[in-house]
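Numbering-wise, my numbering puts 117 at position 101 of the sequence shown, and it's gapless, one number per residue. Think of the CB as a built atom: it goes at the ideal place given N, C-alpha and C, for glycine as much as any other residue.
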Amino acid sequence: MAVNIQSDGGSNSQVPEVSRRQLVNYLLGFSLVATAVGVLTPVIGYLWPPGRPSGGGGGRAQVGTTDDFPVGQGKVVPVNDKPVIVVNTPQGGLKAFSAICTHLGCITEWDQTRQFILCPCHDGRFNAITGAVVSGPPPAPLPQLALQVEGDAVYVSEG
Ligand code: FES
17 MAVNIQSDGG
27 SNSQVPEVSR
37 RQLVNYLLGF
47 SLVATAVGVL
57 TPVIGYLWPP
67 GRPSGGGGGR
77 AQVGTTDDFP
87 VGQGKVVPVN
97 DKPVIVVNTP
107 QGGLKAFSAI
117 CTHLGCITEW
127 DQTRQFILCP
137 CHDGRFNAIT
147 GAVVSGPPPA
157 PLPQLALQVE
167 GDAVYVSEG
């Protein structure tokens, strides 16, 4: 059986007929595509995490005071719109690294319990003194940034 859609003017225009089978095939195709998009979107979001922050003109920025970075702690701070992790370890003192994971660009965080820099996306771990990869998939260390303490003010410079 065929579905015929007529134009309302009653003119001689030809309107193509769409059979019930074709209509069902179109609807089935649409639902398959919608399902595929719904399944693939989170998978792609996992494989390609949120983009890196852009912008920033480089240069030096004050990220806090020495009181903001007690020994044995670390935190992510913005430097010219880019995430930087500042850590203060008993062995290494104050250090600053890019907080952007060298694997797929997730933002790292400080693991207070185990005293290393952790990437939560794929469990990448970095040494808090050198930025070197300790374990996980990151292919390279976190780039170290210049850090200066003047009085009690802490500054970080982009490389
Ligand atoms: S993005 Fe994969 S370990 Fe960091």
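{"Check": "In its own chain, which residues sit with a C-beta less than 7 Å from the C-beta of Gly167, not counting the 5 before and 5 after it?", "Outcome": "none"}
{"Check": "Straight-line CA distance for Asn96 to Ser173?", "Outcome": "9 Å"}
{"Check": "Could you round the C-beta distance between Ala115 and Gln160 to whole angstroms and report it? I think they count as a contact, below 8 Å.", "Outcome": "That belief does not hold up - the Cβ atoms of Ala115 and Gln160 are roughly 12 Å apart, past 8 Å."}
{"Check": "According to DSSP, what are the bridge partners of Val95?", "Outcome": "Lys98"}
{"Check": "Here's the rule: buried if 16 or more other CB atoms are within 10 angstroms of the residue's CB, otherwise exposed. What is Gly75?", "Outcome": "exposed"}
{"Check": "Could you tell me if Ile133 is buried or exposed, where buried requires 16 or more neighbouring beta carbons within 10 angstroms of its beta carbon?", "Outcome": "buried"}
{"Check": "Return the CA-CA distance between Cys117 and Val59, expressed in angstroms with no decimal places.", "Outcome": "19 Å"}
{"Check": "Please find out if some non-hydrogen atom of the ligand FES comes closer than 7 Å to the beta-carbon of Pro153.", "Outcome": "yes"}
{"Check": "What residue from Leu63, Gln78, Pro86 has the CA that sits closest to Pro15's CA?", "Outcome": "Outside the shown range of the chain, which is 17 to 175, sits residue 15, and nothing can be said about it."}
{"Check": "With H, G and I counted as helix, E and B as strand and the rest as coil, what does DSSP make of Ala41?", "Outcome": "Rather than Ala, the amino acid found at residue 41 in this sequence is Asn. Of the three classes helix, strand and coil, the one that applies to Asn41 here is helix, per DSSP."}
{"Check": "If you measure from the CB of Gly147, is any heavy atom of the ligand FES nearer than 7 Å?", "Outcome": "no"}
{"Check": "Suppose contacts are defined by Cβ-Cβ distances below 8 Å. Is Trp64 in contact with Lys91 by that definition?", "Outcome": "no"}
{"Check": "Run the proximity test for Gly140: is its beta-carbon closer than 7 Å to any non-hydrogen atom belonging to the ligand FES?", "Outcome": "yes"}
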